[in-house]
Every structure is written in C-alpha cells, then in structure tokens.
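Structure record follows, encoded as structure tokens.
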Amino acid sequence: MINKLTIQQKIQWELEQLKNEMGLDFVAIALSDGQYRDIYWRFALGAQSDRYKKIAVRMGRGMAGKVLQGMSPHVVLAFPEEVQEEVLEYPIFLVESLYSGVGVSINSTIHVQNQAYGVLLVGQRSRREFPEEDIMRVQACAGTLAGFYDEAPTAPSGSEDSSVSPTWINESPRDTDSKLNNSHGSIIKLLQEARAAGITCELLDQRITRLNDERQEEITAILALLVRECGTQAVDAQLIIGQDELGQTLIEFEGYLLHPASNELFLPVMEQLKSLKCDLEIVIEKDKKSVRFTIPTRVLLDEMHWNK
Numbered sequence: 001m002i003n004k005l006t007i008q009q010k011i012q013w014e015l016e017q018l019k020n021e022m023g024l025d026f027v028a029i030a031l032s033d034g035q036y037r038d039i040y041w042r043f044a045l046g047a048q049s050d051r052y053k054k055i056a057v058r059m060g061r062g063m064a065g066k067v068l069q070g071m072s073p074h075v076v077l078a079f080p081e082e083v084q085e086e087v088l089e090y091p092i093f094l095v096e097s098l099y100s101g102v103g104v105s106i107n108s109t110i111h112v113q114n115q116a117y118g119v120l121l122v123g124q125r126s127r128r129e130f131p132e133e134d135i136m137r138v139q140a141c142a143g144t145l146a147g148f149y150d151e152a153p154t155a156p157s158g159s160e161d162s163s164v165s166p167t168w169i170n171e172s173p174r175d176t177d178s179k180l181n182n183s184h185g186s187i188i189k190l191l192q193e194a195r196a197a198g199i200t201c202e203l204l205d206q207r208i209t210r211l212n213d214e215r216q217e218e219i220t221a222i223l224a225l226l227v228r229e230c231g232t233q234a235v236d237a238q239l240i241i242g243q244d245e246l247g248q249t250l251i252e253f254e255g256y257l258l259h260p261a262s263n264e265l266f267l268p269v270m271e272q273l274k275s276l277k278c279d280l281e282i283v284i285e286k287d288k289k290s291v292r293f294t295i296p297t298r299v300l301l302d303e304m305h306w307n308k
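Under the UniProt record's numbering, the sequence shown has 57 at position 57, and the numbering climbs by one with no breaks.
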C-alpha cells in the first residue's frame, strides 16, 4: 500500500509510525531552502502551533545546527537546564515546550559522504531518556526519509514543495559567516540580559546573528532602547525575533514603556533604523504598547558578500 502513496504521503506515514511507535510528543524535519542556504523546520507532527515554521536555524547552533555541523546525533535530556548559556539557540524547544529531544541528520544515500538533506528531530514535553536503541530507531527513520528525498525531483527554490524536494546542505560561504560571528555576539548578549531582567525573549530567526559586527551593533542599540524603556515592568514584556510572510526578520516587542510610544522615542536610534532599512510600526492598546519593525536580513547578508 505504501508504494502507491506520493512521496509527501510516504514521509508523513513514516513520521506517524515513528511518533506512535516511540510514544513521542513531537516529530519534525528541518530542511534547507536551497536558494539562500537557510535551514527551516518544514514539517512537524504534534506541533502546538505553526510558529516552528518561522524558525531559521544557524549552522552549528541549537539542535539542528549542531546535528548538521557534526553529522552526528545530538541529545538534550533536560531543557533548559542542560543548555543554560545557549537557551536562545534552541528556539524549537521554546516554541514547542520540549523538555527532552534527539536530532539526527538525514543523509543522502546515493551522493558523496557528508551531504545531508536536513535533520529529523523527535521530542518529549516531559523528561525522557533516549537509549541507544531509541537513537538507532530514529536514525533508521532518517535513512528511510533520505531514500524518499533521493527519489524526489528537485523542487524550484522557494516552492511550496520544498518540504518534499530539499537541496543538499553543504558548508557554503554563508556558513563561514557563522564561524566569524560567535554565539556571544552583541545581540545574543543583549537578549540574555533581557531574559535575566524578566523579559520573555525568543530568537526564532537566527540569521541576524550571522550579520557582521557593525550590523549586529545597530540592531542591539534598538533592542537596548526597548529593554531600557521597560523599567520595572520587565516581567510583563516580551521580545520576539521571528520572520514575516516575506521572509524578513520581524522584531516584535510588547509591554509597558516608561515614555509614550512614538517616533520621538526612537530618535536616539533613528540613524540605526534607517541604516538597517527598517519598517517601524507602533501600536498602542490602553497602557500596553506594541512595537514591530522588520529588517531585510537576506539583503544585508548579501551585502556582506558583495562588499568583500
């Protein structure tokens, strides 16, 4: 019967079998989009929402990034306790409230060694041990998925079929940027300080941490202004860095501000907003303020290569 299914149906069937057989809460696949070499969570079972689709993974960071960099399983048994200094680099765990999980690479079975299509993640929202036999079962499923992808025709970059016909993930010039900008760049440091102050922070779009130091400092200056404006109401604020429908980085802040939310409030960082080509939007609802602005991260990453 399975031979009569489409490739997408075969993939879903395999994941459902894995989820049911192992009693998992969550199963997901991360794949490259091809054109920009960004890595996204494309498909999931047991998801609490579709926010996982807004996550852009950075090579070498978090669950998918570490799996792809080392081409070996990555296990987290207790989140966030095990990764206190790297909590922000595991957005899939934050978004899906996962406590334990294991990720393995989906490696092509017919192409040269060390070429992967993506990552298969299985997770639990309570503590769970993953003995060797469990990891081997997940790897076996990843091998089956790789076989499906080997058979799939290549989908045009950006097409809706990217979850079925991914491109290989290989180290590229764009990945080299991640080696130049370490995990403790100014944006990460600012978000860590904001979390320590009680602000709910999520870094879903990790592409901005691949920007050069100058661009990161510009973004940090804007975020720092918002954090300072929280004052003693930090515990009621949230700062989410995700993506909009066009694939631009979307930064959303919601909370109470010490001063009226207006363009005047952002005069100290207006130069940075213009330099980053940001689109600023301010929404006021009673005492709570919402500030949204987008950053054309893909364009800025391209500029880094053009200016070399």
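Glycine included, C-beta positions come from ideal geometry on N, C-alpha and C. None of these values were measured; they are calculated from a predicted model.
Practice problem: Spatial neighbours of Thr200 within its chain, please: CB distance less than 6 angstroms, with the 5 preceding and 5 following residues excluded, ordered by chain position. | Solution: Gln238
Quiz prompt | Top-ranked residue by Cα proximity to Pro73, from Val119, Glu82 and Tyr90 | solution = Val119
Quiz item: Do Val67 and Gly123 have their C-beta atoms closer together than 8 angstroms?
Solution: no
Quiz item: Is Asp244 helix, strand or coil by DSSP?
Solution: Per DSSP, reduced to three states, the secondary structure at Asp244 is coil, with no helix or strand assignment.
Exercise. Give me the Cα-Cα distance between Ile135 and Glu193, rounded to the nearest whole angstrom.
Key: 35 angstroms
Self-check item: Beta-carbon proximity list for Ile7, same chain, < 7 angstroms, skipping 5 on both sides
Solution: Phe148, Glu151, Ala152 and Val164
Quiz item: Would the beta-carbon of Glu89 fall within 8 angstroms of that of Gly62?
Solution: yes
Self-check item: Assigned secondary structure, Tyr52 (DSSP; H/G/I helix, E/B strand, else coil)
Solution: Note: Tyr52 maps to helix in three-state DSSP.
Self-check item: Outcome for Val283 when other beta-carbon atoms lying within 10 angstroms are tallied against a minimum of 16
Solution: exposed
Quiz item: Considering only C-alpha positions, which residue in the set Glu281, Arg298 and Leu300 is nearest to Arg292?
Solution: Glu281
Quiz item: What's the gap between the Cα of Gln17 and the Cα of Asp25?
Solution: 13 angstroms
Exercise. Give the secondary structure of Phe130 by DSSP, where H, G and I count as helix, E and B as strand, and everything else as coil.
Key: coil
Quiz item: Roughly how many angstroms separate the alpha carbons of Ala155 and Pro260, rounded to a whole number?
Solution: A caution first: Ala155 carries a pLDDT of 47, below 50, which makes its placement in the model unreliable, though a value can still be read off. Approximately 48 angstroms between the Cα atoms of the pair.
Quiz item: From Lys289 to Leu5, what distance separates their C-alpha atoms?
Solution: 49 angstroms
Exercise. Answer yes or no: do Ala56 and Ile39 have a C-beta to C-beta separation smaller than 8 angstroms?
Key: yes
Practice problem: Identify, in the order they occur along the chain, each residue of the same chain with its Cβ nearer than 6 angstroms to the Cβ of Ala44, setting aside the five sequence neighbours on each side. | Solution: Ala28 and Tyr52, listed in sequence order.
Exercise. Starting from the N-terminal side, write out each stretch of the alpha helix (DSSP H) that is 4 residues or longer and does not extend beyond the region 17-99.
Key: 62-70 and 91-96
Quiz item: Among the residues of its own chain, which have a CB less than 8 angstroms from the CB of Asn181, if the five just before and after it don't count?
Solution: Here the model assigns Asn181 a pLDDT of 44, short of 50, so the residue's position is not dependable and the matter cannot be decided.
Exercise. Report the option in Leu31, Glu129, Trp41 and Thr294 whose CA atom is closest to the CA atom of Gly23.
Key: Glu129
Quiz item: Roughly how many angstroms lie between the CA atoms of Arg125 and Glu96, to the nearest whole one?
Solution: If I take the Cα positions, the gap works out to 8 angstroms.
Quiz item: So is Met71 in contact with chain B if we call contact Cβ pairs under 8 angstroms?
Solution: The chain labelled as chain B is not found in the depicted structure, where only one protein chain is given.
Quiz item: Straight-line CA distance for Leu250 to Ala197?
Solution: Between Leu250 and Ala197, the C-alpha separation is close to 22 angstroms.
Quiz item: Thinking C-beta only, is Pro296 closer than 8 angstroms to Lys277?
Solution: A contact, by the Cβ cut-off of 8 angstroms.
Quiz item: Does the beta-carbon of Asp177 have 16 or more other beta-carbons within 10 angstroms, so that it is buried, or is it exposed?
Solution: For Asp177, the predicted model reports a pLDDT of 46, less than 50, meaning its position is unreliable; a value from the coordinates is still stated below. Result: buried.
Quiz item: What are the residues that DSSP puts in a beta bridge with residue 309?
Solution: In the structure displayed, the chain extends from 1 to 308; residue 309 sits before or after that span and is not available.
Exercise. To the nearest angstrom, report how far apart Glu254 and Arg58 are at their CA atoms.
Key: 26 angstroms
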